[in-house]
Every structure is written in structure tokens, then in C-alpha cells.
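Following: one structure in C-alpha cells, then a few remarks.
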Amino acid sequence: MDTPLDDAGPTPECLAKAGQFSTVAGRARSSRKITMLDDALGKAWMRQIISAREYSALRRYALHWVAGGLQGPLSSVDLNRIYAFDPSSMSGLARSEAQLDHKRTY
């Protein structure tokens, strides 16, 4: 019984949608490297709105912000909901040492 081939990469539709903001380097499957820069920050860098140095700094800034748990919960929009701080959920405390390190770095 043959196992199906798994390329573990973006689909052709995803690559087509990314357009000029994606690059594929390498010929063989073992050495292929796919870089997707189709997010807002990557597009700003590719369009030379920001420099490579600014791109690198903003990527690190975003990484520590998300890994530090500062982005808040993702939830649906409910116009009747009251958005308030809940001290019983300990939302201000880090949940792990790694998260605390990212908060301190941020």
C-alpha cells in the first residue's frame, strides 16, 4: 500500500493569491524553501515602505507581544457585552515562565 505524497507546503491557490509576496527557492523537495511575506508587515517591506531593519524589529516586537499573551482573547462580536477587566480570571498574570520572559522583553 503506497502512502500519498505530502509536500507539506502551501497550496497552489495560496501561492497564486500571495503573488509577488512569496518566493520558492531550491529545486529538489529536500532543499526547497518557501517564504511567504503576504501579511501586512511583509508587504510593507517588499514594497520598500519600511527598511529591512525596521521589518526585523517590528517582527520581534509582534512576536513578543503575541507570545507574552498581550493580544487578548479572540471572540465574536457581541454588542450587548460589557468589556471590562475581570480580576478573578487573573488575566494580568503570566501563565508560564516563557510567557513572563516574553512580557519582560516586550
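Here our numbering is used: the first residue of the sequence shown is 212, the next is one more, and so on. For each residue, glycine too, the CB sits at the ideal point set by N, CA and C. Just so it is clear, the structure is predicted and the values come from calculations on it, not from any experiment.
Boundaries of the beta strand (DSSP E) around A236: S233 to A236. The segment 230 to 238 makes contact with the segment 248 to 256; the number of CB pairs closer than 8 Å reaches 3 or more. A Cβ-Cβ separation of about 29 Å leaves K244 out of contact with G279 under the 8 Å criterion. In terms of CA proximity to R240, G220 leads the group G220, L226, A227 and K228. When rounded, the separation of the alpha-carbon atoms in A268 and A255 is 13 Å. The three-state secondary structure of T222, taken from DSSP, is coil. For I245, the uninterrupted beta strand (DSSP E) run begins and ends at K244 to M247, by DSSP. Taking 8 Å as the upper bound for CB-CB distance, T222 and H275 are not in contact here, some 31 Å apart.
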